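Student:
2 protein chains.
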Amino acid sequence: MIEKYIRAAKRDKKADLVLKNASYIDVFTGKIRKGDIAVVGEKIVGTGEYAGKEEIDCSGLTVLPGYIDGHVHIESSQLSPEEFASLIVPRGTTTIIADPHEITNVCGMAGCEYIAKASKNLPLDVKIQLPSCVPATPFETSGATLNGKDIKKNIKNKYIFGLGEFMGYPGVISANRDTVKKLEAAHAAGKIIDGHAPAVYGYDLNAYLCGGISTDHECVTGKEIEEKISKGMYVHIRHGSSTQNLGNAKFVTKENMRRFILCTDDRHAADLKENGHIDDALRKIVANGLDPISAVTLATLNCAECYGLKWRGAIAPFYLADLVAVDNLDNFNAKYVIKNGKLVAKDGKPLFDTSKRYLPDSVLDTVHLKEMKAEDFVLTLKGTRAKAMTVLPGGVVTGCEIVDVESRNGDVVLENTDLLKLAVVERHKLTGNIGKGLFKGYGFKGGAMGITISHDSHNVILLGDDNESMARAANHLKQIGGGMVIVDKASGEIYSLTLDIGGLMSSRNADDLQRDSRALIERAHAMGVNREYQAFMSLAFLSLAVIPKLKLTDAGLFDVEKFAFTDINA
Amino acid sequence: MIEKYIRAAKRDKKADLVLKNASYIDVFTGKIRKGDIAVVGEKIVGTGEYAGKEEIDCSGLTVLPGYIDGHVHIESSQLSPEEFASLIVPRGTTTIIADPHEITNVCGMAGCEYIAKASKNLPLDVKIQLPSCVPATPFETSGATLNGKDIKKNIKNKYIFGLGEFMGYPGVISANRDTVKKLEAAHAAGKIIDGHAPAVYGYDLNAYLCGGISTDHECVTGKEIEEKISKGMYVHIRHGSSTQNLGNAKFVTKENMRRFILCTDDRHAADLKENGHIDDALRKIVANGLDPISAVTLATLNCAECYGLKWRGAIAPFYLADLVAVDNLDNFNAKYVIKNGKLVAKDGKPLFDTSKRYLPDSVLDTVHLKEMKAEDFVLTLKGTRAKAMTVLPGGVVTGCEIVDVESRNGDVVLENTDLLKLAVVERHKLTGNIGKGLFKGYGFKGGAMGITISHDSHNVILLGDDNESMARAANHLKQIGGGMVIVDKASGEIYSLTLDIGGLMSSRNADDLQRDSRALIERAHAMGVNREYQAFMSLAFLSLAVIPKLKLTDAGLFDVEKFAFTDINA
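Going line by line, the protein sequences match chains F and Z.
For what it's worth, our numbering labels the leading residue of the first sequence as 21, then goes sequentially.
For what it's worth, our numbering labels the leading residue of the second sequence as 21, then goes sequentially.
#1: Ordered along the chain, which non-local residues of its own chain (more than five positions away) have a Cβ less than 8 Å from that of Ile193(F)?
#2: Strictly under 9 Å for the Cβ-Cβ distance: is Thr114(Z) near chain F by that measure?
#3: Would you list, in sequence order, the uninterrupted beta strand (DSSP E) runs of no fewer than 3 residues that lie entirely inside the segment 387 to 411 of chain Z?
#4: Between which two residues does the beta strand (DSSP E) containing Asp36(Z) stretch?
#5: I need the straight-line Cα distance from Val65(Z) to Arg27(Z), nearest angstrom please.
#6: Determine, for Ala29(F), whether the minimum Cβ-Cβ distance to residues of chain Z falls below 9 Å.
#7: Buried or exposed for Asp381(Z), going by 16 or more other Cβ atoms inside 10 Å?
#8: Kindly indicate which residue of Gly523(F), Glu133(F), Phe159(F) has the alpha-carbon position closest to the one of Asp385(F).
#9: I think Asn125(Z) touches Asp476(Z), with their Cβ atoms under 8 Å apart; what is that distance to the nearest whole Å?
#10: Going by C-alpha distance, which of Glu103(F), Thr235(F), Phe48(F), Lys366(F) is nearest Tyr327(F)?
#11: Using 8 Å for Cβ pairs, my map puts Asp342(F) next to Gly576(F). What's the rounded Cβ distance?
#12: Identify the contact partners of Glu275(F) in chain Z, using a Cβ-Cβ distance below 7 Å as the criterion.
#13: Going along chain F in order, which residues have a C-beta closer than 8 Å to the C-beta of Ala250(Z)?
#14: In angstroms, rounded to a whole number, what distance separates the CA positions of Cys153(F) and Gly182(F)?
#15: Quick one: does Ala491(F) have its CB under 9 Å from some CB of chain Z?
#16: For Thr374(Z), which three-state DSSP category applies?
#17: State the DSSP-derived secondary structure class of Ile588(Z), mapped to helix, strand or coil.
#18: Closer than 7 Å by C-beta to Ser79(Z): which residues in its own chain qualify, once you throw out the five before and the five after it? Chain order, please.
#19: Near Ala408(Z), what residues of its chain come up, given a Cβ to Cβ distance below 7 Å and the 5 sequence neighbours on each side ignored?
#20: On the DSSP letters alone, give me the boundaries of the alpha helix (DSSP H) that Ile171(F) sits inside.
#21: Alpha carbon to alpha carbon, how far is Met557(Z) from Leu144(F)?
#22: Output yes or no for whether 9 Å exceeds the beta carbon distance between Lys1(Z) and Cys239(Z).
#23: Pick helix, strand or coil for Ala345(Z), following the three-state DSSP scheme.
#24: Kindly identify the DSSP beta-bridge partner or partners of Tyr87(Z).
#25: Three or more C-beta pairs closer than 8 Å, one from the segment 314 to 331 of chain F and one from the segment 273 to 280 of chain F: is that the case here?
#26: For Thr157(F) and Glu246(F), what's the separation of their Cα atoms in angstroms?
#27: Under a three-way DSSP split, which group does Ala334(F) fall into?
#28: In the DSSP assignment, find the beta strand (DSSP E) that holds Ile358(F) and state where it starts and stops.
#29: For Cys153(Z), which three-state DSSP category applies?
#30: Quick check on Ile454(F): buried or exposed, where buried means 16 or more other Cβ atoms within 10 Å of its Cβ?
#31: Suppose you measure from the CA of Ile481(Z) to the CA of Leu559(Z); what does that come to, to the nearest Å?
#32: According to DSSP, simplified to helix, strand and coil, what is Asp579(F)?
#33: Residues of chain F with a CB under 7 Å from the CB of Ile479(Z): which are they?
#34: Does Met525(Z) pass the burial test, meaning 16 or more other C-beta atoms within 10 Å, or should it be called exposed?
#35: I'd like to check one pair, His448(Z) with His388(Z): are the Cβ atoms closer than 9 Å?
#36: Would you tell me roughly how many angstroms separate the C-alpha atoms of Ala494(F) and Arg197(F), rounded to the nearest one?
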């Protein structure tokens, strides 16, 4: 192809595509320049005055390099990679660093491969990070385990780009043997390792970095950012649906600018649909005062440099022709999106077929449960005082409250209390594990709710005030292959939403998912769920045994501060 | 090793080496920080307060990352790689991107391998760029040819880091088939390509860049730099012995800073010894007004990023412990140099053995000539007017002057003129090629001078006013295996300096070379060479058929502006 590029660059032959009359951002010198941008095949071949076989008039528009999302779990959108692409590509994102941590916890390497294969023919480069921490903690039963040996074997795969966020930072800092094996395997394979080190400072941070870890997306304070950048990390500024740190953009200076990148981490379909993706992050950090050229550089060149994606993230000859033409640098509305030299989206609509789904059996029918019965949900307490979980609105941090309880026939009485039963039912290996607990203040009444998303092992989380309804909810989730469910005891009706891919994602389109999801959420609120909570997604973090304070896994109630299981009887 | 790094980082075990009480440059945030720098094995493991098995007190010193020379021909020092390292490592240079273009033109891949092997056990990382343009032009006979097929084969070698400066820019811009093959081979191997594109602008530059070329060290103007950086190139600021563009540092801004790097390109032993290497460049650009932190960043992190040298070029955990402790950021005097975690130089003196030389037969005895006779240097002209070369003082650009000539017995008469005979004798393949010309204004009288360095094919260049002396000079160069020679016709004496390695470099130490070199140069001046010229090195560029205006190769007189051979008869 080089000969073709050269001939077109010299204008001896017409370019395949020319973006005419563009203003474009030059991320190398931090300037806005004017000219035509000529494209041959998948490459930019020159800027200046060019004629093309195809031409797009970009008068009045500003052309930017396609955005790169430095860290994202596609699963969090609850969409298939195909549908995910159909939402983010028209927003201007052309490359993502994807860590299929969730589905790999459910399906093992088959989950990771599924994301890779489903993404393969999309107009979106999906760089697959091998999930490093499967399971995320040893205190639960996941669908798969990737130990040091497994990482060593799989990191060499061609389709694996690097090692995903090393959230097991205590294991790194303590030089846990299996952890070290994972890190060494990634280095031996010459692959980048993403980090995840919330509030890790000083000598602990030095130790963590000695694992050869390159990035962090968990920074909260300016001090933390300063230290992490100073010690060589790239810092992701995150624009997730719940976890957000766009405010960190205020710590960007001319001197440290090259070490910041953007990411979304976890972003739900509804957010992607309504607000956008990296474009939305740009809009907001520019509105908050970061100059737009720096902002765009964070989302493009910086991320490309961090991840060693050469010839990407800039508008210059031989660079990949991933381009987005926006209305202006305030609204970042994407008028045209070019991926690999092809126009793939216009006016926010994809120009590629998003109806096909790659759906291997390996990620379907992943809810493995024996037939559940009402008596499985009997909760026998020893005395009259017990520990109940509470959840802080809008957050994933839980509290522990000692509550007075009554029992009847060996089962806790919930009537006339603001308590509910919570159960985490293992759904991968038919162990029959059920962790049970009490949950206070959620507001639901008259049946049961359930969901097969529960970080990070994604067992079934059930909530209810009626054992029979909880059993019906579990059995229904098994029957539909995963998703969300509400059982209304009074009417006997079951309402549900199917997440057929690993019990995490829907194979349908975003609109259908959103419509059904909203209806189900509305029903949950109608049945009493406090509107301060995200009716289902707030449940999904109740088993995440790395975030304070009291959590419930299929193995039991867990005190995160003591980092040990704890008795429900207070 | 990761476990060891982590334990020391956490201070559970002592570090191997600690630089105590250092001020050090943090190139990531552009700040000077204070603390101890702890090292284990070849890595930095942390900054803070550390104890080490070995400790170096750096109170009052400033510690910098080891310097990286982004582009250098070791051969231009006229020293072996071992001796070269003994001069530059104590100055603080710990990594070089070396293009063995000169010796490869003489010895082919054996020359390239020699540089790699001779450099292997030095406390200096020598990244070998495969010379891309051997020969540099088709208008001369070189010792070797590396065509597209050869490049394709050799670029894959593990010891080859990238493809050396693509000086044949007309071939790139015209998409010459063999040139394209070379470029494609480098990309297929995933290796970086260095550039060399003097005064290439606009659509030609676009075309050149479509070869996938990353760097340029030939920029002269601010406009040229702006365009090249804007189009994605890294720009080397060069501190060579003759070619210098340190003044380009004034074009460094906060916005474009990350795209500048430093290099020396061609730097002679005497300069290295007396003035230094990258340290000297830093000293000078800081004296000229660039802030020292930016200057150091150019010489370290930027170069590492350009060449994809991860974990190098900064002082941070897991980074290579290549460090230089300097007195201050004005003089950049290197007090200590650490390479791969070991103290390798102190107070400007190497602490490593520099006496051993790797000297394979393949780079020795490279002057292949039949026995030359006086009659080989007879220059028969047709008329009374001829073209004579002139050389502009201090430069490599030559002129063409039409001169009146007399002939006697079929040979041009030089007595009572300021003309000399110039001859380029092919010395690689026994072709018997002799290019002959006239040279005006150099000032030498009474015999002959010769040298086996002549860019880029390194044939024998002879200059003289006596055929017999010229033949003796050539034969002597053959006998000593290459170097520089003066034949004094009056006394019959021969004075010479041996450059036994490829006829380009000495296997002796820098002091001996410098002493003998000075004596020989002094003798040349004593025999009349105008002191405006570098007596021998000015000759070495007279055959470089890519620099205007009139040049002489073994194939004849060459008009660079017409890009064709030309008749000496005017």
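Where is the CB? At the ideal position from N, CA and C, for every residue including glycine.
Just so it is clear, the structure is predicted and the values come from calculations on it, not from any experiment.
Tutor: To lay it out plainly:
#1: Closer than 8 Å at Cβ, skipping near neighbours: Val220, Asp224, Ala227, Tyr228.
#2: Not an interface residue.
#3: Listed in chain order, they are 405 to 411.
#4: Counting along the chain, the beta strand (DSSP E) containing Asp36(Z) begins and ends at 35 to 46.
#5: Rounded to the nearest whole angstrom, the C-alpha separation of Val65(Z) and Arg27(Z) is 9 Å.
#6: Yes, contact with chain Z.
#7: Exposed, because fewer than 16 other Cβ atoms sit within 10 Å of the Cβ of Asp381(Z).
#8: Comparing alpha carbon positions, the residue from Gly523(F), Glu133(F), Phe159(F) closest to Asp385(F) is Gly523(F).
#9: 5 Å between Cβ atoms; contact.
#10: Taking the Cα of Tyr327(F) as reference, the smallest distance to any Cα among Glu103(F), Thr235(F), Phe48(F), Lys366(F) is reached at Thr235(F).
#11: About 48 Å separates the beta carbon of Asp342(F) from that of Gly576(F), a gap too long to meet the 8 Å contact definition.
#12: In chain order: Thr49, Gly50.
#13: Residue identity differs from the one stated: residue 250(Z) is Ser in this sequence, not Ala. Here the neighbours are Asp46, Phe48, Thr49, Lys51, Arg53, Ala336.
#14: Going from the Cα of Cys153(F) to the Cα of Gly182(F) covers about 13 Å.
#15: Interface flag for Ala491(F) against chain Z is unset, since no Cβ pair is found closer than 9 Å.
#16: Correct three-state label for Thr374(Z): coil.
#17: For Ile588(Z), the three-state secondary structure derived from DSSP is coil.
#18: Closer than 7 Å at Cβ, skipping near neighbours: Asn41.
#19: Around Ala408(Z): Glu421, Val423, Leu439, Leu458, Phe459, Lys460.
#20: Residues 168 to 174.
#21: Cα-Cα distance, rounded: 55 Å.
#22: The shown model of chain Z, from 21 to 590, leaves out residue 1(Z), and the question about it has no answer.
#23: Ala345(Z) carries a strand assignment under DSSP once its states are collapsed to helix, strand and coil.
#24: The bridge partners DSSP lists for Tyr87(Z) are Thr113(Z).
#25: Touching, per the Cβ criterion.
#26: Near 29 Å, if we compare the C-alpha coordinates of Glu246(F) and Thr157(F).
#27: If DSSP states are grouped into helix, strand and coil, Ala334(F) belongs with coil.
#28: Run containing Ile358(F): 354 to 359, per the beta strand (DSSP E) assignment.
#29: Coil.
#30: Ile454(F) is buried by the Cβ-count criterion.
#31: Just so you know, the alpha carbons of Ile481(Z) and Leu559(Z) end up roughly 7 Å apart.
#32: Strand.
#33: Looking at the sequence itself, residue 479(Z) is Asn, so the reference to Ile does not match. By Cβ distance, chain F contributes nothing, its closest Cβ being about 32 Å from Asn479(Z), past 7 Å.
#34: With 16 or more Cβ atoms within 10 Å of its Cβ, Met525(Z) is classed as buried.
#35: A contact, by the Cβ cut-off of 9 Å.
#36: Cα-Cα distance, rounded: 38 Å.
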